[in-house]
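Working notes, structure below.
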Amino acid sequence: MGFAQLIICLFWAVLLSAQRPPNELFPLTPLGDEQKTIIDSLSISAIENLSTSDLFTLSKGYLQDQRYEEALECYEELCDRNPNRFDFQIGRGASAGFLLSGTPSIRAMWYLVHLKSGFEEAVRIQPNSLFARRALFNIYLGLPRFLGGSDAKADRQVKEIQLLNPLEASVAKVFFAMNNKDQTAFEKQAIIAYNDAKNTLEINDSRYEMAMIASQYFDDTERAINLLNEFLSKRQCRRSIPTSFCTISTSRTHAQQRPKASFDSK
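Letter by letter, the sequence shown follows residues 114 to 379 of our numbering.
Right under this line is the structure:
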């Protein structure tokens, strides 16, 4: 495998791993004894009988405890009660994203509905949320058109991200160019992102992605190590969230059918 092909493989791996809720939103930490007691107490009641405050507490507890089926059920109820609450929609989309990991394709379709609509609603409610917009960008970019993805939708998210943080937009554009096998755009956006000294990265996953750009495209090991150290210091859990955000058999097949790219390395 040539160096240019290695770059493509690494970036494709990063693209897939990036399709998940940002780590900052849902840190996976073990429940404490007091939290377990509260969750056990609340879970006795039917979710319809719980107050919104208690149900939200239960939802977050289930998500933290990796009980994603129960979390999604609770967040569905919360969104029915108040569809204009950002935290509720983000939780619904994230719970569905976790459940997509290793889920058979037919059952995954139901989760995809919540994944996509949850983050779409979150962006509608808080249009200035970089985290929600980047997650939605990844969803649109990673899913084939018949499942609701499209380059046009992804590009609209990039334009909105550009207004919020030009550096975050440049990193997103690198992956947009990769997805479209656009060598010229890939090189242009990688250079822009690498040389941007004015803006700072706000999404922790972007630090990992930028480290890959620095290391594999510019051979800047020192900068890559610094970025990876920042990523690890800000990461609140050991494993990714979730293992695969929206990679199911249909999207994998769609990706495998794309022609291979060969970008020239710098």
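Glycine residues also receive a C-beta, built at the ideal position from the N, C-alpha and C atoms.
When the Cα atoms are used, what is the spatial distance from S156 to Q177? A direct Cα-to-Cα measurement between S156 and Q177 gives close to 15 angstroms.
If you draw a straight line from the C-alpha of M306 to the C-alpha of M323, how long is it? It should be noted that the sequence gives Ala, not Met, for residue 306. Between the alpha carbons of A306 and M323 lies a gap of roughly 8 angstroms.
Could you give the first and the last residue of the continuous alpha helix (DSSP H) run that contains F259? For F259, no alpha helix (DSSP H) segment is defined, and its DSSP state is neither H nor E.
Answer yes or no: do I203 and A245 have a C-beta to C-beta separation smaller than 8 angstroms? By the CB criterion at 8 angstroms, I203 and A245 fall inside the cutoff.
When the Cα atoms are used, what is the spatial distance from D309 to N278? Their backbone Cα atoms lie some 11 angstroms apart in a straight line.
State the CB to CB distance for the pair A184 and S208, rounded to an integer number of angstroms; the pair is presumed to be in contact (CB under 8 angstroms). Rounded, the Cβ-Cβ distance is 4 angstroms, consistent with contact.
Expressed to the nearest angstrom, what Euclidean distance is found between the alpha-carbon atoms of G210 and Y224? In a straight line, the C-alpha of G210 is about 7 angstroms away from that of Y224.
Spatial neighbours of V271 within its chain, please: C-beta separation below 8 angstroms, excluding the five flanking residues on both sides. Result list for V271: F250, A282, A285, K286 and F289, in chain order.
Could you tell me whether the Cβ atoms of N312 and K347 are closer together than 8 angstroms? Taking the C-beta atoms as reference points, K347 is found no nearer than 8 angstroms to N312.
C-beta contact flag for L168 and L144 at 8 angstroms: Contact check for L168 against L144 fails: the beta carbons are separated by 8 angstroms or more.
Closest residue to G261 among F331, S230 and L276 (Cα-Cα distance): Considering only alpha carbons, the answer is S230.
Separation of L314 from V236, as counted between CA atoms: Those two C-alpha atoms are separated by around 19 angstroms.
Classify P355 as buried or exposed, calling it buried when 16 or more other Cβ atoms lie within 10 Å of its own Cβ. Reliability fails at P355, whose pLDDT of 37 lies under 50, so the model's placement of it is uncertain and the value that follows must be treated cautiously. When all chains shown are included, P355 counts as buried.
Look up S156 in the DSSP assignment and say whether it is helix, strand or coil. DSSP places S156 in coil when its eight states are reduced to three.
Segment limits, alpha helix (DSSP H) that includes L276: First-last of the alpha helix (DSSP H) with L276: D264 to L277.
Residue from R205, F201 and E233 with nearest C-alpha to R269: Answer by Cα proximity: E233.
Need the endpoints of the alpha helix (DSSP H) that L163 sits in, please. Note, L163: premise wrong, no alpha helix (DSSP H); not H, not E.
Start and end of the alpha helix (DSSP H) containing S242? DSSP places S242 outside any alpha helix (DSSP H), giving it a letter other than H or E.
Sequence-distant residues of its chain with Cβ nearer than 7 angstroms to R320 (five each side left out): The answer, listed in chain order, is L314, L340, E343 and F344.
Alpha carbon of M222 to alpha carbon of R194, nearest angstrom: Looking at the two C-alpha atoms, the distance is approximately 24 angstroms.
Exposure label - S163; buried when at least 16 CB within 10 Å: Note that residue 163 is Leu in the sequence shown here, rather than Ser. Around the beta carbon of L163, 16 or more other beta carbons sit within 10 angstroms, so the residue counts as buried.
Is the beta carbon of I326 less than 8 angstroms from the beta carbon of A303? Remark: C-beta atoms of I326 and A303 approach each other more closely than 8 angstroms.
Among the candidates K173, D332 and L254, whose CA atom is the shortest distance from the CA of M291? Nearest of K173, D332 and L254 to M291, Cα basis: L254.
Could you compute how far the alpha carbon of H227 sits from the alpha carbon of C187? Cα atoms of H227 and C187: separation of roughly 13 angstroms, rounded to the nearest angstrom.
Can you find the residues in the same chain that come closer than 7 angstroms, C-beta to C-beta, to S172, ignoring five residues on each side of it along the sequence? A184, C187, Y188, L191 and G204, listed in sequence order.
What residue range is occupied by the uninterrupted alpha helix (DSSP H) comprising K301? Looking at the DSSP string, the run of the alpha helix (DSSP H) that includes K301 is Q296 to N308.
My output table needs one value for A316: the three-state DSSP class, helix, strand or coil. The question names Ala, yet the displayed sequence has Ile at residue 316. Correct three-state label for I316: coil.
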